[in-house]
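Chemist: Chains as they are written, first to last, in the working numbering: chain A, 586 to 849; chain B, 586 to 849. Ideal Cβ placement from N, Cα and C applies to all residues, glycine included. Here the structure is a predicted model, which is why all the values come from computation and not from measurement. One structure, pasted below without further comment.
Number of protein chains: 2
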Amino acid sequence: MNSKHLMIGDPCPPLINGKLRIYSMRFCPYAQRALLIAAAKKIPYDVVNINLRTKPEFIFEKNPGGKVPTLELAGDDEGCLYESLIVCDYMDDVYPCGASAGDGSCVDRLTAKSPLQKAKDRILIERFNAVTTLDNQALMLPPESSDAEIKELLQNLVDSLKPFEYELGMRGTRFFGGNEKPGMVDYMIWPWFERLPAHALLWGSNFDFQQAKSCLQQLNAWEEEMIKDPAVKESYLSPEVHHTYRLGKKRGSQDYDLLLHSKD
Amino acid sequence: MNSKHLMIGDPCPPLINGKLRIYSMRFCPYAQRALLIAAAKKIPYDVVNINLRTKPEFIFEKNPGGKVPTLELAGDDEGCLYESLIVCDYMDDVYPCGASAGDGSCVDRLTAKSPLQKAKDRILIERFNAVTTLDNQALMLPPESSDAEIKELLQNLVDSLKPFEYELGMRGTRFFGGNEKPGMVDYMIWPWFERLPAHALLWGSNFDFQQAKSCLQQLNAWEEEMIKDPAVKESYLSPEVHHTYRLGKKRGSQDYDLLLHSKD
Chain A
586 MNSKHLMIGD
596 PCPPLINGKL
606 RIYSMRFCPY
616 AQRALLIAAA
626 KKIPYDVVNI
636 NLRTKPEFIF
646 EKNPGGKVPT
656 LELAGDDEGC
666 LYESLIVCDY
676 MDDVYPCGAS
686 AGDGSCVDRL
696 TAKSPLQKAK
706 DRILIERFNA
716 VTTLDNQALM
726 LPPESSDAEI
736 KELLQNLVDS
746 LKPFEYELGM
756 RGTRFFGGNE
766 KPGMVDYMIW
776 PWFERLPAHA
786 LLWGSNFDFQ
796 QAKSCLQQLN
806 AWEEEMIKDP
816 AVKESYLSPE
826 VHHTYRLGKK
836 RGSQDYDLLL
846 HSKD
Chain B
586 MNSKHLMIGD
596 PCPPLINGKL
606 RIYSMRFCPY
616 AQRALLIAAA
626 KKIPYDVVNI
636 NLRTKPEFIF
646 EKNPGGKVPT
656 LELAGDDEGC
666 LYESLIVCDY
676 MDDVYPCGAS
686 AGDGSCVDRL
696 TAKSPLQKAK
706 DRILIERFNA
716 VTTLDNQALM
726 LPPESSDAEI
736 KELLQNLVDS
746 LKPFEYELGM
756 RGTRFFGGNE
766 KPGMVDYMIW
776 PWFERLPAHA
786 LLWGSNFDFQ
796 QAKSCLQQLN
806 AWEEEMIKDP
816 AVKESYLSPE
826 VHHTYRLGKK
836 RGSQDYDLLL
846 HSKD
């Protein structure tokens, strides 16, 4: 998962027999969605990391847009799939009981069975685009932004989370997917919760997300539960690490292999 | 389906017992997607048309974004759903055999059963966004656009359709959904095929879509078949009617009730 990000000129590593492959970028929240679902369902997979600034030629053979996540299928279902939500639904559909089915440790579907609940969950995931847009705006705010501009963006961000606070309260469960364990909605929105606290490291007290979200009690309790989830733990990175990567990205010199370098 | 478009101050008509309701706008391609699926599956529904310039207050109670299509559910599954793809998938999920199940005229699922085919179909629908973006650009081209600019856009539009031409050839079937009848992909992309020929009425020979798409043989044959489909016929409008509506839209004075006025 932390392997070197392959770039232009690099060959594509051979597929590993019987394993799904996820083309990823270690700091991409959309790619993380795919890693979370594969982990939650205990599907055997390998990761090929892609340098998104100087993409290796082979990624365009897998996905005409050259984006991550891209899923390369193993076995009878040869070929590639892309778009994070499509990839995640596919994994949930094709491994309905997880890869460990048969040994007694069957993992249930992450998608709701009822068509109505499934549709409501998909609407919720669509509505989360407001959060991802604001997260990106906060990242791209120019350094000369006024205190008022930064604080306004923080308030908009908290406001965009309120429908999720409300919905979790209405559902009355620990996770959006129920009491037992996270479901599709939980995993699709998680990557941004991992990253949102990093804004405070960039903007200081003007973007005190921790304080601003104190009104989001249900979501805060949810976040505490999510961070303990084994699938979340597998790909989790601290706000400090996200901050270091994002600082580079803001300067146009992001270090995709940051985690390898820090181990030098 | 051609009822008056309700506006600010108008009350919401009472639901009709046992019928789904589709909040629509007669010329909206996204709303048409929902009408197509309801028609294809013979689901009983009524339509409430919404004036999108001066929206009636009640639409925001149904959908916080106030957009169409919005689906209001009848019976046990009370509530509203929105986003065209989510609404269409819901109708396909909840009426797996159409509303006429039991009388021997069972309509099959419009969505592919195989998770792989379902994912590939969803990718195809996502890729169609390139076409809808270009259609909108062609509509919004300023009147002073040069011949070269108009022709370039036409070429881009034809290029954006080529993956669909290729895919239909690969599938070797009359419809994207198979040989027998249109499936989800067919209905999700159809509304734009109904509208694309209207550009020629606006731009004349500089936007001769009919001539430009002569290279898209599979798609042209598909279009001929689609136009004969009973579900398509139900909501079909001619390029001339789309042109009249779009001309108004370009001028900021679209006539939502055009079809009612033309019957005066």
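1. Residues in the stretch 689-711 of chain A with C-beta within 9 Å of chain B's C-beta atoms, listed in sequence order?
2. Report all residues from its chain with a CB closer than 8 Å to the CB of M858 (chain A); omit the five preceding and five following residues, and keep chain order.
3. E668 (chain A) versus chain B: which residues are under 8 Å apart at the beta carbon?
4. DSSP beta-bridge partners for V632 (chain B)?
5. By the 7 Å beta-carbon criterion, what residues does the stretch 732-766 of chain A contribute toward chain B?
6. Do we get a CB-CB distance below 7 Å when we pair D793 (chain B) with the residues of chain A?
7. List, in chain order, every chain B residue whose beta-carbon is nearer than 8 Å to that of Y675 (chain A).
8. For the beta strand (DSSP E) holding Y667 (chain B), just list the boundary residues, first then last.
9. Quick check on the DSSP output: the beta strand (DSSP E) that includes L658 (chain B) runs from which residue to which?
10. Show which residues of chain B have a CB atom less than 9 Å away from the CB atom of D662 (chain A).
11. Leaving aside the five residues before and after L658 (chain A) along the sequence, list all residues of the same chain whose C-beta is less than 6 Å from its C-beta, in chain order.
12. In the DSSP assignment, what residue or residues form a beta bridge with F760 (chain B)?
13. Can you find the residues in the same chain that come closer than 7 Å, C-beta to C-beta, to N648 (chain B), ignoring five residues on each side of it along the sequence?
14. Pairs of beta-carbons, one from the stretch 699-712 of chain A and one from the stretch 734-744 of chain A, closer than 8 Å: are there three or more?
15. Assuming P641 (chain B) contacts K604 (chain B) (C-beta within less than 8 Å), just tell me the rounded distance between them.
16. Under 8 Å by Cβ, that's how I've got N587 (chain B) and R611 (chain B) pegged, so tell me the actual separation to the nearest angstrom.
17. If we ignore side chains and look at the alpha-carbon of each, how far apart do Q702 (chain A) and D662 (chain B) end up?
18. Does V679 (chain A) have its Cβ less than 7 Å from a Cβ in chain B?
19. Which first and last residues belong to the alpha helix (DSSP H) in which F792 (chain A) is found?
20. To the nearest angstrom, how far is it from the Cα of C673 (chain B) to the Cα of A616 (chain B)?
21. If you draw a straight line from the alpha carbon of K835 (chain B) to that of V633 (chain B), how long is it in whole angstroms?
22. Mark R613 (chain B) as exposed unless 16 or more other C-beta atoms lie within 10 angstroms of its C-beta, in which case mark it buried.
23. Can you check whether the C-beta of I622 (chain B) is within less than 7 Å of a C-beta belonging to chain A?
24. Strictly below 8 Å CB to CB, what residues from chain A border I671 (chain B)?
25. What are the boundary residues of the alpha helix (DSSP H) that M773 (chain A) is part of?
26. How many Å lie between E808 (chain A) and G650 (chain B) at the Cα?
27. Look at P700 (chain B) and V679 (chain A) and say whether their C-beta atoms are less than 7 Å apart.
28. Is it true that the CB of V716 (chain A) sits closer than 7 Å to the CB of S745 (chain A)?
29. Which residue comes first and which comes last in the alpha helix (DSSP H) that contains P614 (chain B)?
30. Straight-line CA distance for A619 (chain A) to K626 (chain A)?
31. Roughly how many angstroms separate the alpha carbons of A624 (chain A) and E819 (chain A), rounded to a whole number?
32. Which first and last residues belong to the alpha helix (DSSP H) in which F645 (chain B) is found?
33. Since D720 (chain A) is in the alpha helix (DSSP H), which residue starts that stretch and which ends it?
34. Helix or strand or just coil, what does DSSP make of L801 (chain A)?
35. Taking the continuous alpha helix (DSSP H) assigned at A816 (chain A), which residues delimit it?
Modeler: Walking through what the data contain:
1. Considering only beta carbons, the part of the stretch 689-711 of chain A lying closer than 9 Å to chain B consists of S699, P700, L701, K703, A704, K705, R707, I708, E711, in chain order.
2. No answer is possible for residue 858 (chain A): it lies beyond the span of chain A, which begins at 586 and ends at 849.
3. Residues of chain B passing the Cβ test: R707, I708, E711.
4. Answer by DSSP bridge pairing, in chain order: B:I607.
5. The residues in question: there are none.
6. Chain A, which has no Cβ nearer than 7 Å to the Cβ of D793 (chain B), makes this no.
7. Within 8 Å Cβ-Cβ: P700, L701, K703, A704.
8. In the DSSP assignment, Y667 (chain B) falls within the beta strand (DSSP E) that extends over 664-667.
9. That run of the beta strand (DSSP E) goes 655-658.
10. Neighbours of D662 (chain A) across chain B, judged by C-beta separation under 9 Å: S699, P700, L701.
11. Cβ within range, chain order: G664.
12. By DSSP's assignment, F760 (chain B) forms a beta bridge with B:G763.
13. Contacts found: T655, C665, Y667.
14. By the Cβ criterion, the stretch 699-712 of chain A is not in contact with the stretch 734-744 of chain A, since fewer than three pairs of Cβ atoms, one from each stretch, lie closer than 8 Å.
15. 20 Å between Cβ atoms; not a contact.
16. 6 Å between Cβ atoms; contact.
17. Their backbone Cα atoms lie some 10 Å apart in a straight line.
18. Judged by the 7 Å Cβ criterion, V679 (chain A) is in contact with chain B.
19. Looking at the DSSP string, F792 (chain A) is not in any alpha helix (DSSP H), and its letter there is neither H nor E.
20. So the two alpha carbons sit approximately 10 Å from each other.
21. K835 (chain B) and V633 (chain B): Cα-Cα distance of roughly 24 Å.
22. Reading the sequence as shown, one finds Cys at residue 613 (chain B) and not Arg. Burial call: buried.
23. No Cβ of chain A is located within less than 7 Å of the beta carbon of I622 (chain B).
24. In chain order: A704, R707, I708, E711.
25. It spans 769-780 - the alpha helix (DSSP H) in which M773 (chain A) sits, taken as one unbroken run.
26. CA-to-CA, the gap between E808 (chain A) and G650 (chain B) works out to about 27 Å.
27. The beta carbons of P700 (chain B) and V679 (chain A) sit closer together than 7 Å.
28. In this structure, S745 (chain A) sits near V716 (chain A), with a CB-CB distance shorter than 7 Å.
29. Counting along the chain, P614 (chain B) sits inside the alpha helix (DSSP H) bounded by residues 614-625.
30. The C-alpha of A619 (chain A) lies about 11 Å from the C-alpha of K626 (chain A).
31. C-alpha separation (whole angstroms): 7 Å.
32. Secondary structure note for F645 (chain B): its alpha helix (DSSP H) is the uninterrupted segment 643-647.
33. Residues 714-725.
34. Coil, per DSSP.
35. Element bounds for A816 (chain A): 815-820.
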